[in-house]
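*Asks:* Handing you this structure, nothing more for now.
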Amino acid sequence: MYAPPQEPAWAPPQSTWAPEPPKKRRAWPWILGIVGGLVVLGGAGVGVTLAVNGLLNADQNENYTGAPITPGDSPTLGDRLLVSDSGFVALELGATWVDANDYVDVTSAVGPLPNGATLVGTYFTDDPLAAVDVVPTLVMVLEGVPENQLGPVDLESAHEGFISGGLAGLNQMGTAATVSEPAPVTTANGLNGLVTELSLEMEGIAIRAYEYTFVRSERVVYVQVMAYTSTFDDVAAALATDSLRIDK
Numbered sequence: 000m001y002a003p004p005q006e007p008a009w010a011p012p013q014s015t016w017a018p019e020p021p022k023k024r025r026a027w028p029w030i031l032g033i034v035g036g037l038v039v040l041g042g043a044g045v046g047v048t049l050a051v052n053g054l055l056n057a058d059q060n061e062n063y064t065g066a067p068i069t070p071g072d073s074p075t076l077g078d079r080l081l082v083s084d085s086g087f088v089a090l091e092l093g094a095t096w097v098d099a100n101d102y103v104d105v106t107s108a109v110g111p112l113p114n115g116a117t118l119v120g121t122y123f124t125d126d127p128l129a130a131v132d133v134v135p136t137l138v139m140v141l142e143g144v145p146e147n148q149l150g151p152v153d154l155e156s157a158h159e160g161f162i163s164g165g166l167a168g169l170n171q172m173g174t175a176a177t178v179s180e181p182a183p184v185t186t187a188n189g190l191n192g193l194v195t196e197l198s199l200e201m202e203g204i205a206i207r208a209y210e211y212t213f214v215r216s217e218r219v220v221y222v223q224v225m226a227y228t229s230t231f232d233d234v235a236a237a238l239a240t241d242s243l244r245i246d247k
């Protein structure tokens, strides 16, 4: 009796085949669309703080143990060393960090800073044109010495001005934010500062931000870390702050 040939034993069952899943949408268009507003937040805060000066009897970071900044220093926590134009501020960058100015005009977005203020650097923690599954974090560092400052800057006043200026900038853009109470923070180098957490939504994207303020003598340093995911980027925040050094 005739019997039809059987399929070879090695042939995979037809039911196991499935079409290739669609690739995830790249996250970088969202980054480039809202980074300008986030940069304005930092610039507005510096503008408020450096317009106020005060007088104290002692440096609030008199127990700071960071090594003095010298040319040719080697990074110890990150991959590269970034030193400000003034030479008084340094921090380390991760291996995948890229300069945000290569993708957006950060300087124009910030606008003119007050006298004595400088944008040390603005970085994405990953290339925003190549990242697919990871949304890059934005790290922004500013420094400044208020004009006619008499004695060391008051940390609480500097931080309060930074946050209030940033919130005013957000308000002008029609964006509201939930703000935490300032909390004390001490870096690995022994810098004492304050940090406030902001939660906001921009272009439909939920954003968490840590806004750090550090002072040493008459110099103020701000570190703004903005993450676009539900889990905050503690690695980037720790690298930027723990590697931070401020010289007098």
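Reminder that position 155 of the sequence shown reads as 154 in numbering that gives the first Met the number 0, one-by-one numbering, no gaps.
Note that the Cβ used here is the ideal one computed from N, Cα and C, for glycine as well.
Residue range of the alpha helix (DSSP H) that residue 170 falls in?
*Replies:* According to the DSSP assignment, residue 170 belongs to the alpha helix (DSSP H) that extends over 154 to 171.
*Asks:* What three-state label does DSSP hand residue 226 in the structure shown?
*Replies:* strand
*Asks:* Is residue 71 near residue 242, with beta carbons less than 7 Å apart?
*Replies:* no
*Asks:* Which residues in the same chain as residue 155 place their Cβ atom closer than 8 Å to its Cβ, once the five residues preceding and following it in sequence are excluded?
*Replies:* 181, 193
*Asks:* Straight-line CA distance for residue 160 to residue 166?
*Replies:* 10 Å
*Asks:* Suppose you measure from the CA of residue 231 to the CA of residue 151; what does that come to, to the nearest Å?
*Replies:* 32 Å
*Asks:* Taking the alpha carbon of residue 113 as the point to measure from, which residue in 141, 133, 123 has its own alpha carbon closest?
*Replies:* 141
*Asks:* Please go through the segment 73 to 105 and give each complete beta strand (DSSP E) segment of 3 or more residues, from N-terminal end onward.
*Replies:* 79 to 82, 88 to 92
*Asks:* Would you mind sorting residue 73 into buried or exposed? The rule is 16 or more other CB atoms within 10 Å of its CB.
*Replies:* exposed
*Asks:* Hey, how far is the Cα of residue 100 from the Cα of residue 61?
*Replies:* Each residue's Cα considered, the two are about 35 Å apart.
*Asks:* CA-CA distance, residue 138 and residue 149?
*Replies:* 30 Å
*Asks:* Is the segment 123 to 132 close to the segment 197 to 213, with three or more CB pairs under 8 Å?
*Replies:* no
*Asks:* Quick test of your reading: residue 122 and residue 97, contact by CB under 8 Å. State the CB separation rounded to the nearest angstrom.
*Replies:* 7 Å
*Asks:* For residue 146, I'd like the list of residues in its chain whose CB is within less than 6 Å of its CB, leaving aside the five on either flank, ordered along the chain.
*Replies:* 114, 115
*Asks:* Which of the three DSSP states, helix, strand or coil, is assigned to residue 243?
*Replies:* coil
*Asks:* Measuring only the C-alpha atoms, how far is residue 157 from residue 195?
*Replies:* 12 Å
*Asks:* Count the other CB atoms, across all protein chains shown, that sit within 10 Å of the CB of residue 212; report buried if there are 16 or more and exposed otherwise.
*Replies:* The residue in question, residue 212, is buried, as its Cβ has 16 or more Cβ neighbours within 10 Å.
*Asks:* Using 7 Å as the threshold, is the C-beta distance between residue 227 and residue 206 below it?
*Replies:* yes
*Asks:* Tell me, to the nearest whole angstrom, how far the beta carbon of residue 190 is from that of residue 86; I am working on the premise that it is less than 8 Å.
*Replies:* Actually they are not in contact, since the Cβ atoms of residue 190 and residue 86 sit about 17 Å apart, beyond 8 Å.
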